[in-house]
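Numbering (the working numbering), first residue to last: 370 to 684.
For every residue, glycine included, the Cβ atom is placed at its ideal position computed from N, Cα and C.
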């Protein structure tokens with residue numbers, strides 16, 4: 370998928386507009402004219418949820434804490450709700466997807482006023498950077514996303530969405546235990562839930578549509594820093610104590626050494642054999658079995674038990 374970014378001025382509404390080219394099939398709105406009057410750009414309801422425009426510096430106040438624009442291109446037949454509105458609440462910034470591609474249409478050429486600091490300027494760098502990164506498919510700016518974050522000893526699940534509600538999320542721990550989480554609304558467009566990160570390893574989360582993975586623990590654990598099969602790490606220690614470290618399978622051949630008990634020696638290796646030191650810490654000399662209820666003694670005990678039972682029942 371490709372990307373198109375248009376900062377439209379009066380030319381977008383002219384007879385030579387790019388709308389009158391094959392690009393009209395991907396542009397999100399048809400131009401119908403130009404309005405020239407001062408106005409403040411506002412975040413729409415969708416813009417307050419969209420990662421590209423959410424939380425723009427100055428957007429929380431009324432009027433917004435940035436300079437006015439003085440010209441906007443009027444449009445019709447928008448294929449997507451605007452994330453920013455201009456004069457008379459009409460669309461100012463449209464972000465749309467076309468197949469695998471993305472299109473951003475800014476319906477004013479006055480953003481340079483923010484850059485020049487006119488009336489205090491505005492967050493032009495943040496807005497243009499986010500727009501560019503969204504067009505390049507930066508995952509952090511996707512409208513629909515599922516993420517996990519480690520915060521201290523807790524695992525936070527974050528669902529980014531443009532919808533009003535979200536589905537429960539199933540989280541699977543490294544041991545395979547599943548947790549069903551109901552998310553709560555946080556910032557506009559974000560739903561969150563937390564659970565204890567009480568296991569190290571790979572955690573998985575899914576809401577049935579989106580999936581997320583995160584590793585809890587060291588980024589490069591020691592047990593995974595060197596995973597090549599080798600005898601060289603243990604061989605010096607083994608040989609220093611009279612033993613050895615050998616590979617019993619080399620390619621397709623099997624070379625199994627004989628295991629030999631060794632009683633009094635400091636060498637526990639040889640050509641084709643490995644020794645096991647016999648310390649005689651415990652030695653079994655023999656095993657004896659004595660039945661408890663066998664022969665005449667067993668018969669007498671059994672008759673005594675029957676007699677005692679008969680006497681007790683006869684009272």
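Judged by pairs of C-beta atoms under 8 Å, the segment 432-441 does not touch the segment 414-423, as fewer than three such pairs exist. Of the other Cβ atoms in all chains shown, fewer than 16 fall within 10 Å of the Cβ of residue 664; this residue is therefore exposed. Put simply, of 408, 575, 594, 523 the residue whose alpha carbon is nearest the alpha carbon of residue 540 is 575. Residues 381, 387, 396, 472, 473, 474, 475 of the same chain have their beta carbon placed closer than 8 Å to that of residue 375, with the five preceding and five following residues left out of the count.
Secondary structure note for residue 570: its beta strand (DSSP E) is the uninterrupted segment 570-575.
DSSP places residue 488 within a helical segment (H, G or I) once states are collapsed to three. Taking a contact to require three or more Cβ pairs closer than 8 Å, the segment 418-428 and the segment 496-512 qualify as touching. Looking at 682, 621, 426, 507, the one whose alpha-carbon comes closest to that of residue 496 is 426. The three-state secondary structure of residue 587, taken from DSSP, is coil.
Proximity of the segment 403-411 to the segment 532-539 falls short of the contact definition, fewer than three beta-carbon pairs being nearer than 8 Å.
Sequence-distant Cβ neighbours of residue 470 in its own chain, meaning closer than 8 Å and more than five residues away, are 370, 371, 372, 373, 395.
The segment 427-435 and the segment 483-494 touch, with no fewer than 3 CB-CB distances between them shorter than 8 Å.
In the structure shown, residue 435 adopts coil according to DSSP, grouped into three states. Taking a 10 Å sphere around the C-beta of residue 592, we find fewer than 16 other C-beta atoms and assign the residue as exposed.
If the five residues before and after residue 637 are omitted, its C-beta is found closer than 7 Å to the C-beta atoms of 611, 612, 631, 643, 644, 646, all from its own chain and listed in chain order.
Rounded to the nearest whole angstrom, the C-alpha separation of residue 614 and residue 587 is 30 Å. Sequence-distant partners of residue 548 (beyond 5 residues in either direction) whose C-beta falls short of 6 Å from its own C-beta, in its chain, are 540, 564. Within the segment 592-645, the complete alpha helix (DSSP H) runs of at least 4 residues fall at 604-609. It is roughly 6 Å from the alpha-carbon of residue 559 to the alpha-carbon of residue 530.
Restricting attention to alpha helix (DSSP H) runs no shorter than 4 residues, the segment 390-446 encloses them at 414-418, ordered along the chain.
Cα atoms of residue 428 and residue 503: separation of roughly 20 Å, rounded to the nearest angstrom. Per DSSP, the beta bridge partners of residue 559 are 529. Here the alpha carbon of residue 569 sits roughly 13 Å from the alpha carbon of residue 521.
In this structure, residue 398 sits near residue 447, with a CB-CB distance shorter than 7 Å. Residue burial annotation: residue 452 is buried, with at least 16 other C-beta atoms found within 10 angstroms of its C-beta.
Spatial neighbours of residue 544 in its own chain (CB-CB distance under 7 Å, excluding positions within 5 residues in sequence) are listed in chain order as 568.
The Cβ atoms of residue 585 and residue 566 lie closer than 7 Å to each other.
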